[in-house]
Amino acid sequence: MNAQQLEEIKRHFRVVSEALRSDIRRIAEGHSTLCHELEEPRGEIRDEFKEIQAIQHSHTLEIDLSDLKNRIDCLETSRT
Numbered sequence: 020m021n022a023q024q025l026e027e028i029k030r031h032f033r034v035v036s037e038a039l040r041s042d043i044r045r046i047a048e049g050h051s052t053l054c055h056e057l058e059e060p061r062g063e064i065r066d067e068f069k070e071i072q073a074i075q076h077s078h079t080l081e082i083d084l085s086d087l088k089n090r091i092d093c094l095e096t097s098r099t
């Protein structure tokens, strides 16, 4: 292998490595953009999940309250 061939290989490697750097940079930018775009829907889903949990908790409390009222009514009825 002569010096000219060696220089051609080096030049080709520089061109290929610069293209790879450019591709990697674009991928990283795209990844960053996607992460940013997904953050808003995640927040909305998190908020909706908290709301659903609150509704379920409220419903459970209503059932418990209704059950307690029924038990009190039964106790009051049995005393009379």
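With my numbering applied, the sequence shown covers 20 to 99.
C-beta atoms are modelled at their ideal positions from N, C-alpha and C, and glycine is treated no differently.
Where the alpha helix (DSSP H) through residue i begins and ends
{"i": "THR79", "result": "22–98"}
Spatial distance of residue i from residue j (CA atoms)
{"i": "ASP86", "j": "LEU57", "result": "43 Å"}
{"i": "PHE32", "j": "GLN23", "result": "14 Å"}
{"i": "MET20", "j": "ARG40", "result": "28 Å"}
{"i": "GLN72", "j": "ASN89", "result": "26 Å"}
{"i": "ASP2", "j": "HIS76", "result": "Coverage of the chain is limited to positions 20 through 99, which leaves residue 2 absent and any answer about it impossible."}
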